[in-house]
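Chains as they are written, first to last, in my numbering: chain A, 79 to 390; chain V, 79 to 390.
This is how it looks when you write it as structure tokens:
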């Protein structure tokens with residue numbers, strides 16, 4: 079757990095757990111690195127964890143990715159259970175077995191695919207969540223509707239953030255992601271649709287990592303607007319659909335001020351795990367409710383999409 | 079590759095390879111750590127390796143374990159090919175998908191199971207190998223005979239190190255290990271027989287890691303003598319079999335002087351990945367040519383076996 083989940087979430091579980099030791103680390107993306115892994119590995123060693131031990135991971139996406147990676151690599155892998163406590167980690171990181179840490183300025187650059195022994199999701203944890211965290215997680219819920227379910231998008235777009243029905247949306251998102259991931263566990267094809275908004279979004283998130291950090295979902299909202307613009311340019315979306323997506327995302331998310339020099343963001347995109355050779359490949363929506371993947375996108379198109387984002 | 083294999087082995091392959099970049103790191107167990115991984119990950123990033131890139135790993139066990147771990151964790155895993163250049167790595171590390179690095183004083187404490195895309199073995203590389211390296215690898219060949227094939231042991235024990243027929247022994251060892259590993263990839267049962275000699279051996283090797291380092295096979299030879307003694311004490315071996323094993327190993331391997339205070343070695347054993355809870359579990363030969371696993375061994379028995387080793 080991290081110092082936050084130790085304070086707000088651990089007390090809700092503590093008495094229900096059998097004998098255990100606590101490993102608490104600093105939270106936040108800036109600590110999702112090798113140094114934190116070394117702290118966890120050191121504690122696991124200190125507590126004499128063996129291959130039959132179980133690591134419960136209580137926290138948001140950072141703790142889940144990092145804790146899972148530590149478990150998956152400690153003595154070549156011990157079992158772990160994810161207990162995601164944020165909306166983002168419940169609807170996204172909790173499914174798919176993607177684990178890892180940041181390296182240098184690259185997000186999730188070092189990691190493995192490894193499934194938890196179990197994942198336990200309770201909406202109760204969302205009560206302790208700051209609104210900005212909730213909004214961040216909501217971006218993935220929106221993404222799942224945009225790439226797979228137009229009717230759910232039509233329901234969702236009529237409501238503000240705080241009026242959403244999480245008891246419907248969380249299972250909807252988890253079930254959809256689970257189906258995609260089980261069809262294509264190693265991201266050979268279909269699973270790539272989940273990367274909609276993430277090529278531009280990750281680069282934007284990475285760009286601000288060392289500056290005035292923005293939340294994952296805030297960056298993905300930027301990415302979804304930019305990549306919808308690119309989709310419109312490629313005749314995958316109508317102008318009306320682009321406007322509908324942009325308007326809703328702009329209403330929910332604060333506008334991020336991008337640097338006028340775009341090269342650092344483009345350079346970050348060239349390190350994207352989805353690329354092949356030197357070509358930048360994206361997943362884009364085709365209309366609303368469907369998606370395609372491995373669409374080659376030029377630096378000029380990305381540049382124009384960032385201009386579009388900043389202009390609206 | 080490491081600086082040695084770059085000098086002695088790379089020239090044999092270089093002209094046969096397609097376009098490639100070279101990553102060369104310091105060799106030796108003392109560099110099988112996170113710092114070296116960071117160097118490799120940094121180079122892979124620098125060369126813009128993506129998920130479709132291939133890492134060829136040219137070297138002994140250290141390079142194979144570390145390079146494989148780096149590949150298996152870079153962008154959540156890229157393909158790699160092992161080209162083991164030492165006898166030890168050819169008959170042992172090349173099969174089974176065990177990858178990893180040392181952490182603090184613990185060997186292979188951090189790692190994953192992941193199979194290479196291919197493994198290429200050529201006895202040609204052994205010509206450039208110092209005799210001490212050859213002797214180190216020979217310990218695993220001996221182990222494979224002791225736990226699985228009495229008739230091959232009877233052939234092998236009549237010859238000195240330099241008279242062995244590697245064209246027979248290498249395929250014999252690889253085929254045996256491959257069969258065991260495919261039957262039990264995650265070391266749930268049978269595969270544990272490969273740990274014969276390794277509970278005591280790893281602890282002895284770890285003990286000397288920060289001192290006057292000894293080679294893996296030299297430590298495993300100590301381990302096989304000690305664990306054969308424990309097997310005799312547990313009526314798994316006759317006195318004649320114990321004497322036969324000890325005499326051959328003592329003839330091939332120099333005697334290691336163990337510390338008179340045994341606690342540090344026992345403490346290292348308590349971190350062994352094969353343990354369950356606080357019990358120390360070993361794989362032991364049953365006669366010569368068969369083995370059993372998960373045999374609980376007490377600190378006193380281990381202590382007595384170290385005395386035996388030092389007395390003969």
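Heads up, the beta-carbon is just placed ideally off N, CA and C, and yes, glycines get one too. Remember, it's a predicted structure, so these values are computed and weren't measured experimentally.
Chain A contact for residue i (CB, 8 Å cutoff)
i: residue 231 (chain V); result: no
i: residue 371 (chain V); result: no
i: residue 184 (chain V); result: yes
i: residue 121 (chain V); result: no
i: residue 294 (chain V); result: no
i: residue 170 (chain V); result: no
i: residue 128 (chain V); result: yes
i: residue 109 (chain V); result: no
i: residue 281 (chain V); result: no
i: residue 349 (chain V); result: yes
i: residue 150 (chain V); result: yes
i: residue 181 (chain V); result: yes
i: residue 142 (chain V); result: no
i: residue 266 (chain V); result: no
i: residue 176 (chain V); result: yes
Residue interval of the alpha helix (DSSP H) (run including residue i)
i: residue 321 (chain A); result: 317–330
i: residue 123 (chain V); result: 112–124
i: residue 109 (chain A); result: Counting along the chain, residue 109 (chain A) falls outside any alpha helix (DSSP H), and DSSP gives it neither H nor E.
i: residue 278 (chain V); result: 276–287
i: residue 308 (chain V); result: 294–311
i: residue 91 (chain V); result: 88–91
is_contact[residue i, chain V] using C-beta, thresh 8 Å
i: residue 258 (chain A); result: no
i: residue 278 (chain A); result: no
i: residue 335 (chain A); result: no
i: residue 269 (chain A); result: no
i: residue 316 (chain A); result: no
i: residue 255 (chain A); result: no
i: residue 190 (chain A); result: yes
i: residue 354 (chain A); result: yes
i: residue 155 (chain A); result: yes
i: residue 187 (chain A); result: yes
Close Cβ partners of residue i (< 6 Å) along its chain, the five nearest in sequence each way excluded
i: residue 125 (chain A); result: 99
i: residue 189 (chain V); result: 147, 177, 178
i: residue 383 (chain V); result: 304, 307, 308
i: residue 157 (chain A); result: 132, 195
i: residue 251 (chain V); result: 169, 219, 222
i: residue 329 (chain A); result: none
i: residue 123 (chain V); result: none
Beta-carbon proximity list for residue i, same chain, < 7 Å, skipping 5 on both sides
i: residue 203 (chain V); result: 87, 163
i: residue 388 (chain A); result: 336
i: residue 379 (chain V); result: 308, 311
i: residue 223 (chain A); result: 230, 231, 234
i: residue 324 (chain V); result: 303, 306, 390
i: residue 259 (chain V); result: 173, 174, 269
Close-in-space but distant-in-sequence residues of the same chain around residue i (CB under 8 Å, 5 per side omitted)
i: residue 221 (chain A); result: 272, 274, 275, 298, 302
i: residue 348 (chain A); result: 356, 358
i: residue 337 (chain A); result: 285, 343
i: residue 377 (chain A); result: 344, 358
i: residue 287 (chain V); result: 107, 108, 180, 183, 185
i: residue 143 (chain A); result: 110, 171, 176, 177, 178, 179, 186, 189
i: residue 322 (chain A); result: 235, 366
i: residue 83 (chain A); result: 105, 136, 137, 138, 141, 163
i: residue 261 (chain A); result: 268, 269
N- and C-terminal bounds of the beta strand (DSSP E) containing residue i
i: residue 187 (chain A); result: 184–191
i: residue 59 (chain V); result: Limits of chain V in this structure are 79 at one end and 390 at the other, which puts residue 59 (chain V) out of reach.
i: residue 158 (chain A); result: 157–162
i: residue 374 (chain V); result: 369–375
i: residue 390 (chain V); result: No beta strand (DSSP E) contains residue 390 (chain V), which DSSP labels as neither H nor E.
i: residue 176 (chain V); result: 176–181
i: residue 347 (chain V); result: No beta strand (DSSP E) contains residue 347 (chain V), which is instead part of the alpha helix (DSSP H) from 341–347.
i: residue 137 (chain V); result: 132–137
i: residue 336 (chain A); result: No beta strand (DSSP E) holds residue 336 (chain A); DSSP gives it neither H nor E.
i: residue 361 (chain A); result: 358–363
query = Is the segment 190–210 of chain V close to the segment 226–237 of chain V, with three or more CB pairs under 8 Å?
reply = As far as the Cβ criterion goes, the segment 190–210 of chain V does not touch the segment 226–237 of chain V, which means the pair count is below three.
ask   = Does the segment 288–303 of chain A come close enough to the segment 237–253 of chain A that 3 or more CB-CB pairs lie under 8 Å?
value = no
task = Could you tell me whether the segment 367–378 of chain A touches the segment 219–228 of chain A, where touching means 3 or more Cβ pairs closer than 8 Å?
result = Yes: the two stretches touch, three or more of their Cβ pairs being nearer than 8 Å.
query = Three or more beta-carbon pairs under 8 Å between the segment 341–355 of chain V and the segment 122–140 of chain A, yes or no?
reply = yes
query = Is there contact between the segment 147–162 of chain A and the segment 110–122 of chain V, where contact requires at least three CB pairs shorter than 8 Å?
reply = no
ask   = Counting Cβ pairs closer than 8 Å, one from the segment 133–143 of chain V and one from the segment 163–172 of chain V, do we hit at least three?
value = yes
query = Where in the segment 203–241 of chain V do unbroken runs of the alpha helix (DSSP H), each at least 4 residues long, occur, reported from the N-terminal end onward?
reply = 209–226, 228–234
ask   = Of the residues that make up the segment 88–112 of chain V, which ones have a beta carbon closer than 9 Å to any beta carbon in chain B?
value = Going by chain labels, chain B is absent from the structure shown, which instead holds the protein chains A and V.
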